[in-house]
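*Asks:*
2 protein chains.
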Amino acid sequence: MTETAASSVPIPDAANWACPLPLRDSPNIVMGHGGGGAMTAELIDLLFLPAFGAAAAAEMGDSAVLAIGDSRIAFSTDSFVVKPMFFPGGCIGDLAVNGTVNDLAMAGATPLVLSTAFILQEGTPLSVIERIADAMGRAAEAAGVKLVTGDTKVIDNTSGGPGDVYVNTTGIGLVPDGMDIGPARARVGDAVLVSGDIGVHGVAVLSCREGLEFGTTVASDTAPLNGLVEAMIATGADIRALRDPTRGGMAASLNEIAKASGVGMHLVEADVPVPQSVKDACGLLGLDPFQVANEGKLVAIVAPGDADRVLDAMRAHPQGVGARLIGRCVSDHPTMVVAATGLGGTRVVDMPIGEQLPRIC
Amino acid sequence: MTETAASSVPIPDAANWACPLPLRDSPNIVMGHGGGGAMTAELIDLLFLPAFGAAAAAEMGDSAVLAIGDSRIAFSTDSFVVKPMFFPGGCIGDLAVNGTVNDLAMAGATPLVLSTAFILQEGTPLSVIERIADAMGRAAEAAGVKLVTGDTKVIDNTSGGPGDVYVNTTGIGLVPDGMDIGPARARVGDAVLVSGDIGVHGVAVLSCREGLEFGTTVASDTAPLNGLVEAMIATGADIRALRDPTRGGMAASLNEIAKASGVGMHLVEADVPVPQSVKDACGLLGLDPFQVANEGKLVAIVAPGDADRVLDAMRAHPQGVGARLIGRCVSDHPTMVVAATGLGGTRVVDMPIGEQLPRIC
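Protein sequences appear in the order of chains L and F. Residue numbering for the first sequence follows my numbering, starting at 1 and increasing by one per position. Residue numbering for the second sequence follows my numbering, starting at 1001 and increasing by one per position.
(1) Could you confirm whether any beta carbon from chain F is found closer than 8 Å to the beta carbon of L:D280?
(2) Along chain L, in chain order, which residues have C-beta atoms closer than 8 Å to that of F:A1054?
(3) Return helix, strand or coil for L:D103, following the three-state DSSP convention.
(4) I want to verify the contact list: residues of chain F whose CB lies under 9 Å from the CB of L:R347, in sequence order.
(5) Whether or not the stretch 1063 to 1083 of chain F and the stretch 69 to 89 of chain L are in contact is what I'm after, with contact meaning three or more pairs of Cβ atoms, one per stretch, closer than 8 Å; do they touch?
(6) Just verifying my parser: in three-state terms, what is the DSSP assignment at F:R1088?
(7) How close, in whole Å, do the beta carbons of L:V203 and L:S253 come, if the pair is a contact with beta carbons under 8 Å?
(8) Ignore the nearest five residues each way along the sequence and tell me which others in F:S1008's own chain have a CB closer than 6 Å to its CB.
(9) For F:A1051, tell me which candidate among L:L174, L:I129, L:G89, L:P358 has the shortest Cα-Cα distance.
(10) Looking at the secondary structure, which residues open and close the alpha helix (DSSP H) in which F:H1201 lies?
(11) Using the Cβ count rule (16 or more neighbours within 10 Å means buried), how would you classify F:N1294?
(12) Less than 8 Å between C-beta atoms, sequence neighbours within five positions excluded: which residues of the same chain meet that for F:D1094?
(13) Need the endpoints of the beta strand (DSSP E) that L:N255 sits in, please.
(14) With C-beta atoms as the reference, is L:P318 less than 8 Å away from L:D197?
(15) Step through the CB atoms of chain L and report whether any lies within less than 8 Å of the CB of F:N1226.
(16) Taking the DSSP output, what are the residues bridged to L:I301?
(17) Determine, using beta-carbon pairs with one atom in the stretch 217 to 236 of chain L and one in the stretch 311 to 325 of chain L, whether at least three such pairs fall under 8 Å.
(18) So the beta strand (DSSP E) F:D1332 belongs to, where does it begin and stop?
(19) For L:D151, I'd like the list of residues in its chain whose CB is within less than 6 Å of its CB, leaving aside the five on either flank, ordered along the chain.
(20) 8 Å is my cut-off, CB to CB: does L:M31 come that close to chain F?
(21) With a threshold of 16 other CB atoms inside 10 Å of the CB of L:G37, please say whether the residue is buried or exposed.
(22) Take F:N1168 as the anchor and find which of F:V1101, F:M1179, F:V1200, F:G1249 has the nearest alpha-carbon.
(23) Does any CB atom of chain L fall closer than 8 Å to the CB of F:L1357?
(24) Over the uninterrupted beta strand (DSSP E) stretch that includes L:Q121, give me the two end residues.
(25) Short check: CB of L:T335 to CB of L:A241, under 8 Å?
(26) Looking at the structure shown, is L:I353 part of a helix, part of a strand, or coil, going by DSSP?
(27) Answer yes or no: do L:A107 and L:I181 have a C-beta to C-beta separation smaller than 8 Å?
(28) Please classify L:D306 as buried or exposed, where buried requires at least 16 neighbouring CB atoms within 10 angstroms.
(29) Give me, in chain order, the residues of the same chain whose beta-carbon lies closer than 6 Å to that of F:T1217; leave out the 5 immediate sequence neighbours on both sides.
(30) Considering only the beta carbon of each residue, do L:P186 and L:C329 sit closer than 8 Å?
(31) Helix, strand or coil: which one does DSSP assign to L:T341?
(32) Check whether the Cβ of F:I1257 lies closer than 8 Å to any Cβ atom in chain L.
(33) Give the DSSP-derived three-state secondary structure of L:I326 in the structure shown.
(34) Tell me which residues of the stretch 89 to 122 of chain L have at least one Cβ-Cβ distance to chain F shorter than 8 Å, keeping chain order.
(35) So, does the CB of L:L21 fall closer than 8 Å to a CB anywhere in chain F?
(36) Closest to F:T1149 by C-alpha separation, out of L:T149, L:D103, L:D308, L:V165, would be which residue?
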């Protein structure tokens, strides 16, 4: 890096710089900072937000809700760096569209438009780019969103390996009048629901990256969830909070909600749908399926009396066929998520610290 | 790349794949595809738009204008990959904020909010990230926009070099009622204005990248232009088109407008403000200053009778002190930009093909 006296930004003395992030001693970025767990939260809370200063909105969440004239819109951004770019069930293209569509849907918004920004490494075959763009077009059509503006940058390929592609999508959705879904709204007694099998995306990517076989092929669950959310909202139930558990898995999503709402959560492990192939893979690799990424699943916190009709509506939708009640919000152990194990004991379902599976999305 | 039968995306046979881009024989991405010139346009028109299919909006421009309820918003995205990340006059952080603020301003919109998405290479010092974020916060405050949502991903560092940082910003601006600024609105007789010295940003980055000295230090002109645009609009003049000439320089911006409007443009080379240091650097390196990137300048096409009062308003604003009338829209040579040279001849001011200066923004 070239440092010049003319730079308008004060240059910290790196040697004497007090690193504000306590979880790691390293003064450098490590893979775990991108894992969506505690290290990512630390990076945002202790470095980005103080540095942004007064320009930062109070909460830099997965999506922001803004008033524009008489309307409210949701606004969300995500970059995708998944490796490999093509995996069973999908590729970086549909993942990028579905990921931002889902972030908007989790705010109860109807996704309208996406921007698409590509960073392409020199040497990437154009046929690969076309295939990714084709997947994006199909995914956008399936989700009912338009791709309205874009950007393309090219970076040099210093590694000499095959070209990497990074895709950013940023989306705008319309939040219906009266919609109030947010992580701080969970209350004691609320039901905790999941829309189907968890851990599938992470295992699908990992299996093709490491060349591992787990009996049957596991295909990513990448899918748009806006239709499912619409069906859930149409029941008129009080849906308190929604999250699509991507990086950090179900554990990260439920811990975020428990922390924001100040409630505890009590899950029944045996009620959480985990496919045998995911169990096998996680057993072999020492992973917790609750911490593995999903790309077409959601967790929902709903008012106690509304759980049954929401579950019925979910099961009637293609993306929610495997929906299950997996636990309750409780007054015990506030901000902590605990699961009853199959052996009659309980275990803490922790927020993951760093990154179990780097570059999973 | 791992190919699997379970992938949901059809796999083109790369060997028999007919590359749709005529400008280069290479079936792979080259640096020029990111240059903002003819090769970038080809990539968008012949690969991205057909692949996106029905999901693509008719025009994937620098920014899209959308109706939300009773309001109109502008929506724009840009990724920044500039190398080095710190250069005289600024860094990738303020560049990323100003770049998207300016794209929104060029639609006549008041920029409101930005998303910020980081792709960080493993090993990047946290002190560098903090410095970039600090610059983003200051630039956002200066431009009057809020940073409301974000994302962080980490990629492995296969090159072993110092960590690279890529920043995407995507912004939303409010388009005032009745505002109608667009590249297709130029008419014969219109005045062509530029807000000040051109070519500065490109030479600033290049000089510190290549370790070159051009007599005096050239500092980047990175700056927010929304205040200048507001002042121009406040005159009540008929402003037909605005562009901030970044990648591809003034030549690319004027060619885009000439093409979209079907008019010719006649410039007077001696009236275009080019600092001596930029002339020297371009002479040495064989570059055309008209094709070198700017990050704090705009070109404006205004109705014939309105040029003087717009120029007065520009010169009264800190970002427009050096504003000049540099030419006219003409009926001759439609869609072509031509300049009268100092030697009494004329030359065609071409759209750049590829990339003069890779990774300039």
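Cβ coordinates follow ideal geometry from the N, Cα and C atoms, glycine included. In this text the structure is predicted, and so the values were computed from the model without any measurement.
*Replies:* Taking the geometry as given:
(1) Taking Cβ atoms only, chain F never reaches closer than 8 Å to L:D280, which makes this a no.
(2) Within 8 Å Cβ-Cβ: G137, E141.
(3) Helix, per DSSP.
(4) From the beta-carbon of L:R347, no residue of chain F is found nearer than 9 Å; the closest lies around 28 Å away.
(5) Verdict: yes, contact present.
(6) It is worth fixing the name first, because residue 1088 of chain F is Pro in this sequence and not Arg. Note: F:P1088 maps to coil in three-state DSSP.
(7) Your pair L:V203 and L:S253 does not check out as a contact, with CB atoms roughly 18 Å apart and the cut at 8 Å.
(8) At F:S1008, the pLDDT of 47 sits below 50, so the modelled position is not reliable and the matter cannot be decided from this model.
(9) Minimum Cα-Cα distance from F:A1051 among the listed residues L:L174, L:I129, L:G89, L:P358 corresponds to L:I129.
(10) Boundaries of the alpha helix (DSSP H) harbouring F:H1201: 1200 to 1210, taken from the DSSP string.
(11) Burial call: buried.
(12) Spatial neighbours of F:D1094 in its own chain (CB-CB distance under 8 Å, excluding positions within 5 residues in sequence) are listed in chain order as A1135, M1136, R1138, A1139, T1222.
(13) From DSSP, L:N255 is part of no beta strand (DSSP E) but of the alpha helix (DSSP H) over 249 to 261.
(14) Contact: no.
(15) So, not an interface residue.
(16) Its beta-bridge partners are L:V192, L:A241.
(17) With the rule of 3 Cβ pairs closer than 8 Å, the stretch 217 to 236 of chain L counts as touching the stretch 311 to 325 of chain L.
(18) No beta strand (DSSP E) holds F:D1332; DSSP gives it neither H nor E.
(19) So the qualifying residues of the chain are A117.
(20) It does; some Cβ of chain F falls within 8 Å.
(21) Classified as buried, L:G37 has 16 or more neighbouring CB atoms from the shown chains inside 10 Å of its CB.
(22) For F:N1168, the nearest C-alpha among the options comes from F:V1101.
(23) It does not: the Cβ of F:L1357 has no partner Cβ on chain L nearer than 8 Å.
(24) It spans 110 to 121 - the beta strand (DSSP E) in which L:Q121 sits, taken as one unbroken run.
(25) Against a cut-off of 8 Å, the Cβ pair of L:A241 and L:T335 comes out as no contact.
(26) In this structure, L:I353 counts as coil in the three-state DSSP scheme.
(27) In this structure, L:I181 lies closer than 8 Å to L:A107 by Cβ.
(28) When all chains shown are included, L:D306 counts as buried.
(29) Annotation for F:T1217: P1088 place their beta carbon closer than 6 Å to its own, counting only its chain and skipping 5 residues before and after.
(30) The residue asked about is misnamed: residue 186 of chain L is Ala in this sequence, not Pro. With contacts defined as CB atoms closer than 8 Å, L:A186 and L:C329 qualify as a contacting pair.
(31) L:T341: coil per DSSP, three-state reduction.
(32) Chain L contact via Cβ: absent.
(33) Here L:I326 sits in strand by DSSP.
(34) The stretch 89 to 122 of chain L vs chain F, Cβ under 8 Å: G89, G90, C91, G93, D94, L112, V113, S115, T116, A117, F118, I119, L120, Q121, E122.
(35) Interface residue, yes.
(36) Closest option to F:T1149, Cα to Cα, is L:D103.
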